[in-house]
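Number of protein chains: 2
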Amino acid sequence: MDRSWTNSSGVDLYLEMPSGRGRRAAVETALRNAIRTGRLAAGQRLPSSRVFADEFGLSRGTVVEAYAQLTAEGYLRTRAGSGTEVAGTSGIRTRGSTEHVAEAVSADFRFGQPDLSEFPRSLWLRALRRAFSTAPTAALGPVDPRGCAVLRTVLADYLGRVRGVLADPNSVVICSGFSQGLRVLCDALSAAGGRCIAFEDPCLPEHRAIARAAGLEITAIPVDDDGAIPELSRDVAAIVLTPAHHAPLGCTLTAHRRREFVRLARESGAIVIEDDYNGEFRYDRQPIGALQGLAPDHVVYGGSISKMLAPALRLGWLVVPPTLIDGVIEAKRTADRGTSTIEQLALADFIETGNLDRQIRRVRPRYRRRRLELLATVTAAAPDISVTGAAAGLHAAIKFPDHGPTESDVLALASDRSIALTGLNQFWHNGNGKPGGLVLGFATPAQHAYANALSLLHTLLCDVFPST
Amino acid sequence: MDRSWTNSSGVDLYLEMPSGRGRRAAVETALRNAIRTGRLAAGQRLPSSRVFADEFGLSRGTVVEAYAQLTAEGYLRTRAGSGTEVAGTSGIRTRGSTEHVAEAVSADFRFGQPDLSEFPRSLWLRALRRAFSTAPTAALGPVDPRGCAVLRTVLADYLGRVRGVLADPNSVVICSGFSQGLRVLCDALSAAGGRCIAFEDPCLPEHRAIARAAGLEITAIPVDDDGAIPELSRDVAAIVLTPAHHAPLGCTLTAHRRREFVRLARESGAIVIEDDYNGEFRYDRQPIGALQGLAPDHVVYGGSISKMLAPALRLGWLVVPPTLIDGVIEAKRTADRGTSTIEQLALADFIETGNLDRQIRRVRPRYRRRRLELLATVTAAAPDISVTGAAAGLHAAIKFPDHGPTESDVLALASDRSIALTGLNQFWHNGNGKPGGLVLGFATPAQHAYANALSLLHTLLCDVFPST
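Line by line, the protein sequences are chains A and B. Residue numbers for the first sequence follow the working numbering, beginning at 72 and rising by one. Residue numbers for the second sequence follow the working numbering, beginning at 72 and rising by one.
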């Protein structure tokens, strides 16, 4: 970004003027200190001497002389036509020195994001513009902890239509991503006396960290090819499930087990938290509807826009049963008062105009193809290891055989070759004795880079698992 | 917003098809159930029969017949040129029924917001557009819990220049408003074994609720005309101060007391949390610099864009000492992973292009004038009650005399007349025996409505405090 100010008289400046000296000396000392300590960075434009003099109640001559003195000392410099600015002396802190340069990755199979090059920038910007042009002034004021009414209404319709969720706008709470939704739920459960929460094993380690931060203890629910195995210990206040597409193994919770979990929740009073992970992406048949539809009084439904559009948007939602809604709203209020308004209005517009449906329809066949190509690549390179899970989502997992290279061997080699991979181990509650493997995000690379990424993965797997 | 879909073939639909019946009956039952339970709302457009048939693997004739049957039953209706949609039967849930209609307010002195009609919509939209057009694809990916590097860099410069804050980009953490910053700090203190936090008495009740939600106990620091009175009990992990312009009384913490608080913090190891409330708005002289500049290793500086631009943006920041930074980043990560990216990039642009400075320069003289007019109004109506606090900020407080009408009398009368006022009582830690009064947000009304609002306030005060 450009450092120059288009209008130098609009620059605000705070300076500590030492007392008990001449005015010119005071100005010089204040500016010198501000530059030395880095408060005024190199390239920072100063107000004109006239504005500076007005601001601080000095004569203009005093300021002109002080600027001249500091210019002579090398603290300031004058540029023709653009006024006076802080000079770029070595040792003086300069801007941008802490910017991180992204490491070059030759093949990016990171987990948990869509192909970001498919983000519909111009359509999203148009939605933002419409949100701004139609929002009343009051929409810029204090936020509702539940989120904007218009987005809650649109989402209640959308989730009913697309995911079979039974939602009323008043049961919807907008959060900054599903992660915050989970945090707010954990806070609400904890405030209501809950002590323990059950997560699938394996599950996302970030989710366990969130529950721990909210003061909850964690128990594990084992997962097999049919999804989580229904069981529930007495003191569990909530069970977090990913029924549509298990994160990270990719299996789908069977209809029988769905009913079992609902029965357990009804009996025990525990709440099921349905993380509808990748619910929108099913490739071999119609997606299975949300578990929430079976028992809306016992299930909290949670989702987000992260995999449909972009994780950077931080927009998610909960559909909350009546018994829990007040606690969740209060937890959201004391978390951050409420989520930012304009992007909520933009999302409401984006859904209402059909743009979200179109976006998903556009990328779904691409992801479907990518998954098939990934499966073929793995099979060709290592016929003995297989990809787990359903034809769904944006990732696929592979488990390594007991005898052979370990997960850390594979990750080390991948790292040497700048291939970004995620190991399976960290997802287990306790990785000791559990199978290692990889969780492959096949949506991450841009379309043009996918074939090459697969080729590098193929070579890696061939090198790691040589055919015997 | 418009309900119609611009492209009906882009509509996603989830339906539960019952098994064990004829196909047409299954489609009809599934649609009927979805409409009855409200999952498909009145006005919802359905896919064309061709698309529906493709989706669910049915013949088109089956779908046409099912649509016809449900139309005959009144569940669906056909509109020429716009396909089939869910009919607006009474008893079927319709959209928008839960939208809240804002109550009409004749004079709005609500506390804690700027004049929202001054929000620079087109400039902000331009900043959003630039953020989108220059952001690399990776900027749409997973967020950094500290916030975007570019905004942290710009803010470190800005806060140094305008508020005398000593900040390095790596010491800045972007939050969703100052409220979330306070919550994240409380979580970090709590995780580090902190048990107790001190707030000024009076202070914002929302801030006490946030600390309580993080599991901290609260103690009170009395406030007089010189600001908070320096004192510190042993077990206090942090002291929250509003040195620039006390919320709600409006006084400014004196230089002597600033040094005293810093000394107490140094001695005890407690952290000062500086809520730089209204730090940008000083009317009678140069603003006093941030307390943080005196002792950056013992003070967390916190601020937000809420009063400078709009509370709906939910953008705030902390400048955190090295001893606390890792704990704060971890607390932010488990709160919501990080703040939404695009609005951060827009704010960085908005500051760098000088637009924020210009905005504040533009509104500052207006708010200054409004404050003087408010003082004159109160004095004219009730010479015995006086407005507390410095010529600063966006609010002024008045305390009622011991004998005379109570705060609840005044609020009740104001409510009858649709005058939005905030009582002082709720700000005290324990309101019993504390003076009642009003906290008057003089920035809230639009410019054209301010004179009338003052006139209504004048009449109210004259009626409540009749001259004797």
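Note that the Cβ used here is the ideal one computed from N, Cα and C, for glycine as well.
query                                                                                                                         : result
For A524(B) and F536(B), the rounded distance between their alpha carbons                                                     : 18 Å
Simplified DSSP assignment, three categories, for G145(B)                                                                     : coil
Under 9 Å by beta carbon: chain A residues contacting A309(B)                                                                 : Residues of chain A passing the Cβ test: none, with the nearest at roughly 17 Å.
Backbone secondary structure at Y348(A) - three-state DSSP                                                                    : coil
Extent of the continuous alpha helix (DSSP H) run through Y229(A)                                                             : 220–234
Contact the segment 309–326 of chain A vs the segment 257–271 of chain A: 3+ CB pairs below 8 Å                               : yes
Beta strand (DSSP E) segment containing F270(A), residue limits                                                               : 267–272
DSSP three-state assignment for P185(A), whether helix, strand or coil                                                        : coil
Terminal residues of the beta strand (DSSP E) in which I292(B) lies                                                           : 288–295
Contacting positions in the segment 446–466 of chain B - beta carbon closer than 8 Å to chain A                               : none
Rounded straight-line distance, which links the Cα of G248(B) to that of E87(B)                                               : 42 Å
Where Y354(B) sits in the DSSP three-state scheme                                                                             : coil
Member of V343(B), A202(B), V134(B) whose CA lies at the smallest distance from the CA of E414(B)                             : A202(B)
DSSP-derived helix/strand/coil call for T155(A)                                                                               : strand
Nearest-angstrom Cα separation, counted from H316(B) out to N349(B)                                                           : 6 Å
A402(A), enclosing alpha helix (DSSP H) - first and last residue                                                              : 393–407
Unbroken alpha helix (DSSP H) run spanning D309(B), endpoints                                                                 : In the sequence as displayed, the identity of residue 309(B) is Ala instead of Asp. Segment 307–312 is the beta strand (DSSP E) holding A309(B); no alpha helix (DSSP H) there.
One or two residues paired with C246(B) in a DSSP bridge                                                                      : G387(B)
Contact set between the segment 189–208 of chain A and chain B, restricted to residues whose Cβ is under 7 Å from the partner : F190, R192, L196, L199, R200, F203, T208
Cβ-based contacts, 9 Å cut-off: residues of the segment 392–415 of chain B near chain A                                       : E401, A402, R404, T405, A406, D407, R408, G409, T410, S411, T412, I413, E414
With 16 other Cβ atoms within 10 Å as the buried cut-off, status of L141(B)                                                   : buried
Range covered by the beta strand (DSSP E) that runs through S509(A)                                                           : Rather than Ser, the amino acid found at residue 509(A) in this sequence is Leu. It spans 508–512 - the beta strand (DSSP E) in which L509(A) sits, taken as one unbroken run.
Segment limits, alpha helix (DSSP H) that includes S479(B)                                                                    : 478–487
9 Å Cβ cutoff met for L230(B) and Y372(B)                                                                                     : yes
Contact list for the segment 102–120 of chain B against chain A, Cβ threshold 8 Å                                             : A105, T108, G109, R110, L111, A112, Q115
Beta carbon proximity, S250(B) to chain A, threshold 9 Å                                                                      : yes
Beta-ladder partner(s) of R150(B), from DSSP                                                                                  : G154(B)
Cβ distance (whole Å) where A269(B) is taken to contact I292(B) below 8 Å                                                     : 5 Å
CA-to-CA distance, E99(A) to Y138(A), given in whole angstroms                                                                : 8 Å
Y372(B), enclosing beta strand (DSSP E) - first and last residue                                                              : 370–375
Buried/exposed call for D480(B), threshold 16 Cβ in 10 Å                                                                      : exposed
Within chain A, the residues that A210(B) reaches when beta carbons sit closer than 7 Å                                       : A383
Contacts that A284(A) makes with chain B (C-beta to C-beta distance below 9 Å)                                                : D258, A262, E401, A402, R404, T405, A406
9 Å Cβ cutoff met for V449(B) and G321(B)                                                                                     : no
Residues that R116(B) bridges to, as DSSP identifies them                                                                     : E156(B)
Chain-order list of residues whose beta-carbon lies under 7 Å from that of W499(A) (same chain, five-residue window excluded) : D272, P273, K505
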